[in-house]
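Down below is the structure, laid out as structure tokens.
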Amino acid sequence: MLTIILMLALIIVAGWFDSRLNWQQTDRTAQEERS
Amino acid sequence: MIAGHYGLAAGVKAWEPRLPLWALMLSTFLLDVVFIFLNIAGIEYITPANPELGNSYGNALIHAYYTHSLLGALLIAAVAGAFAGRQWGRRGGITIAAVVFSHWILDLLVHRPDLPILPGNAGNLPLLGFGLWQVPVASAVIELALVLAGAYLYYRSATGLPSAQGANGSSQRIRALTASGVTAALLLLLLASDFLGL
Numbered sequence: 001m002l003t004i005i006l007m008l009a010l011i012i013v014a015g016w017f018d019s020r021l022n023w024q025q026t027d028r029t030a031q032e033e034r035s
Numbered sequence: 001m002i003a004g005h006y007g008l009a010a011g012v013k014a015w016e017p018r019l020p021l022w023a024l025m026l027s028t029f030l031l032d033v034v035f036i037f038l039n040i041a042g043i044e045y046i047t048p049a050n051p052e053l054g055n056s057y058g059n060a061l062i063h064a065y066y067t068h069s070l071l072g073a074l075l076i077a078a079v080a081g082a083f084a085g086r087q088w089g090r091r092g093g094i095t096i097a098a099v100v101f102s103h104w105i106l107d108l109l110v111h112r113p114d115l116p117i118l119p120g121n122a123g124n125l126p127l128l129g130f131g132l133w134q135v136p137v138a139s140a141v142i143e144l145a146l147v148l149a150g151a152y153l154y155y156r157s158a159t160g161l162p163s164a165q166g167a168n169g170s171s172q173r174i175r176a177l178t179a180s181g182v183t184a185a186l187l188l189l190l191l192a193s194d195f196l197g198l
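For the record, the sequence lines run as chains U and L. FYI, in the numbering used here the residues of the first sequence are 1 to 35. FYI, in the numbering used here the residues of the second sequence are 1 to 198.
Structure follows, in structure tokens:
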């Protein structure tokens, strides 16, 4: 049961913390480097 | 193997940062998500390899002849990749498809021979699986390596992000450290929980 809760937590909780980071800027930088 | 799949997904984030972590985490687990539905329908199921050992780590024979067949896994990966491609472009779609299929590759390493080539084990071809679960410590060490590598790659990628325009650099760093710490902690807890059969 704990294993299943942790699996869901990785998707929801870690995913939420991840979404607060500025990953779009990395994309823009990578696109600028490619062009 | 559970935590190892998630560790790999966290590591992929460093390679393809624009894909949300939740999508990578869900993708790495997608074969098992479909398995859950087929399990409820009574089509796929799990039995203990050694009934005396009960729910212990790696003591499973997984009769998932559709979701965990080689062709079935490729099909699920292709469908997931096609959906993801509409949202995140061709590269994102290919990455998601690869992460979905990575589940089968890692399962091949640890499963006893219970992975069919064709759905429904059509043709009664040999079942695949290198059986590393028969040496639980070796399997757990490989999972730990995947978890640590994934957590480190995620940490390195997150802490290397530039600050958003007008944002405070130190608050951005705190967010990156928090996200990395939460991800690493959950990965390690998941491995411990699976290993202890909790």
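A virtual CB, placed ideally from N, CA and C, is assigned to each residue, including glycine. Owing to the predicted nature of the structure, the values given are computational and were not obtained by experimental measurement.
Closer than 7 Å by C-beta to Trp133/L: which residues in its own chain qualify, once you throw out the five before and the five after it? Chain order, please.
Gly58, Val110, His111, Arg112, Ser139
Confirm, please, whether the CB-CB distance from Leu106/L to Leu128/L is below 8 Å.
Their beta carbons are not under 8 Å apart, which means Leu128/L does not touch Leu106/L by this criterion.
Between Phe37/L and chain U, is there a C-beta pair that is closer than 8 Å?
no
For Tyr6/L, which residues in chain U fall below 7 Å Cβ to Cβ?
Leu10
Taking 8 Å as the threshold, find out whether the region 12 to 24 of chain U comes into contact with the region 85 to 93 of chain L through three or more Cβ pairs.
The count of Cβ pairs closer than 8 Å, one atom from the region 12 to 24 of chain U and one from the region 85 to 93 of chain L, stays below three, leaving the stretches out of contact.
Given a cut-off of 8 Å, decide if Thr47/L and Val63/L are closer than it, judged by their beta-carbon atoms.
As written in the sequence, residue 63/L is His, which differs from the Val given in the question. Contact flag set, yes.
Just verifying my parser: in three-state terms, what is the DSSP assignment at His68/L?
His68/L falls in the coil class under three-state DSSP.
When the distance is taken between beta carbons, is Thr3/U closer than 8 Å to Leu190/L?
yes
Quick check on His103/L: does DSSP put it in helix, strand or coil?
helix
What's the call for Pro162/L, buried or exposed, on a 16-neighbour Cβ count within 10 Å?
Under a 10 Å Cβ-count criterion, Pro162/L is classified as exposed, with fewer than 16 other Cβ atoms of the shown protein chains found around its own Cβ.
Would you mind telling me which residues of chain U sit closer than 7 Å to Leu21/L, beta carbon to beta carbon, in chain order?
Ala14, Gly15, Asp18
Is the region 94 to 104 of chain L in contact with the region 28 to 35 of chain L, if contact means three or more CB pairs nearer than 8 Å?
yes
Buried or exposed: Ser157/L, going by 16 or more other Cβ atoms within 10 Å of its Cβ?
Classification for Ser157/L: buried.
Please go through the region 123 to 164 of chain L and give each complete alpha helix (DSSP H) segment of 4 or more residues, from N-terminal end onward.
136 to 159
Just checking my contact of Leu73/U with Ser193/L at CB under 8 Å: how many whole Å lie between their CB atoms?
With chain U running from 1 to 35 in the structure shown, residue 73/U is simply not present.
Who are the near neighbours of Leu144/L in its chain, counting only those whose CB is closer than 7 Å to its CB and skipping five residues on each side?
Contacts found: Leu191.
Compare the C-alpha of Ile117/L against each of Val182/L, Val137/L, Leu75/L and name the closest.
Leu75/L
Just to confirm before moving on: does the CB-CB distance between Gly11/L and Tyr154/L stay below 8 Å?
A distance below 8 Å separates the beta carbons of Gly11/L and Tyr154/L.
Taking the C-alpha atoms as reference points, what is the distance between Leu198/L and Glu44/L?
22 Å
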